[in-house]
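Peer 1:
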Amino acid sequence: MSFNNLDTLYRQVIMDHYKNPRNKGELDEGSLTIDMNNPTCGDRIHLTLKVEDGIVKDAKFDGEGCSISMSSASMMTQAIKGKDLETAMKMSKIFSDMMQGKDYDEGDLDLGDIEALQGVSKFPARIKCATLAWKAMEKGLKE
Numbered sequence: 010m011s012f013n014n015l016d017t018l019y020r021q022v023i024m025d026h027y028k029n030p031r032n033k034g035e036l037d038e039g040s041l042t043i044d045m046n047n048p049t050c051g052d053r054i055h056l057t058l059k060v061e062d063g064i065v066k067d068a069k070f071d072g073e074g075c076s077i078s079m080s081s082a083s084m085m086t087q088a089i090k091g092k093d094l095e096t097a098m099k100m101s102k103i104f105s106d107m108m109q110g111k112d113y114d115e116g117d118l119d120l121g122d123i124e125a126l127q128g129v130s131k132f133p134a135r136i137k138c139a140t141l142a143w144k145a146m147e148k149g150l151k152e
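Note that the working numbering has the sequence shown beginning at 10, numbered continuously upward.
#1: Determine which residues share a DSSP beta bridge with isoleucine 54 and list them.
#2: Examine the Cβ distances between the stretch 106-126 and the stretch 49-68 and report whether three or more of them are shorter than 8 Å.
#3: Could you give the residue range of the alpha helix (DSSP H) that holds glutamate 147?
#4: Got a sec? Which residues, its chain only, sit under 7 Å from methionine 98 by beta carbon, not counting five neighbours each side?
#5: Can you check whether the CB of isoleucine 136 is closer than 8 Å to the CB of valine 129?
#6: Should tyrosine 19 and alanine 142 be called a contact, given that it needs their Cβ atoms to be closer than 8 Å?
#7: Going by Cα to Cα distance, which pick from Asp67, Pro48, Asp93 is closest to lysine 33?
#8: For aspartate 93, I'd like the list of residues in its chain whose CB is within less than 6 Å of its CB, leaving aside the five on either flank, ordered along the chain.
#9: Rounding to the nearest angstrom, what Cα-Cα distance links glycine 110 and isoleucine 103 in this structure?
#10: Between the beta-carbon of tyrosine 27 and the beta-carbon of serine 80, is there less than 8 Å?
#11: With distance defined between alpha-carbon atoms, name the residue in Met108, Thr140, Met85 nearest to arginine 153.
#12: Spatial neighbours of phenylalanine 132 within its chain, please: CB distance less than 8 Å, with the 5 preceding and 5 following residues excluded, ordered by chain position.
#13: Nearest-angstrom Cα distance between glutamine 21 and cysteine 75?
#14: If contacts are defined as beta-carbon pairs under 8 Å, then leucine 41 and threonine 57 qualify, I think. What distance do you get, rounded to the angstrom?
#15: Within a Cβ cutoff of 7 Å, which residues of the same chain sit near methionine 108, ignoring the five residues on either side of it in sequence?
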């Protein structure tokens, strides 16, 4: 597949998650709740996580922002569901490296749609948009 076709496919995946977000909403009381925003562009996220026995049982988000920010949150909530905390944090590290244009080794992890965000690394002003949900997840799991 040529680079242009791959780029187009990635844009379609991002727009699909933006227009049809997965896991949009809020979990009930007793869940971890994390609110973060990106003051430079106005993106904000309200993330709720249900963690039991060291496993992310469920994840939902709400908020407002650009297509990059909201699609990244959608992809992240899909990716971390059912993962243990160590794996979720490892995925966040891999995603951070990807956003910074660093080499990364996903090992046996399946990043799925998340790889569609690779191109964001070419636009430094948009990296914070893409990483907002991931930073919120890290903050919640560390607390």
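For each residue, glycine too, the CB sits at the ideal point set by N, CA and C.
Peer 2: Per the coordinate set shown:
#1: Paired residue(s): Met45, Gly72.
#2: Contact fails: fewer than three Cβ-Cβ distances are below 8 Å.
#3: Glutamate 147 -> alpha helix (DSSP H) spans 133-151.
#4: Taking methionine 98 as the centre and dropping the five residues before and after it, the same chain places the C-beta of Glu147, Leu150 closer than 7 Å to its C-beta, in chain order.
#5: A contact, by the Cβ cut-off of 8 Å.
#6: Contact check for tyrosine 19 against alanine 142 fails: the beta carbons are separated by 8 Å or more.
#7: Nearest to lysine 33 by C-alpha distance, out of Asp67, Pro48, Asp93, is Asp67.
#8: Excluding its 5 nearest sequence neighbours in each direction, aspartate 93 has C-beta neighbours in its own chain below 6 Å: Gly63, Ile64, listed in chain order.
#9: Whole-angstrom Cα-Cα distance: 11 Å.
#10: Cβ atoms of tyrosine 27 and serine 80: closer than 8 Å.
#11: Any answer about residue 153 is impossible in this case: the structure gives the chain only from 10 up to 152.
#12: A distance below 8 Å between beta-carbons, with the five flanking residues on each side excluded, links phenylalanine 132 to no residue of its chain.
#13: When rounded, the distance between both Cα atoms is 15 Å.
#14: Confirmed, about 7 Å.
#15: Same-chain partners within the cutoff: Val129, Ser130, Ile136, Ala139, Thr140.
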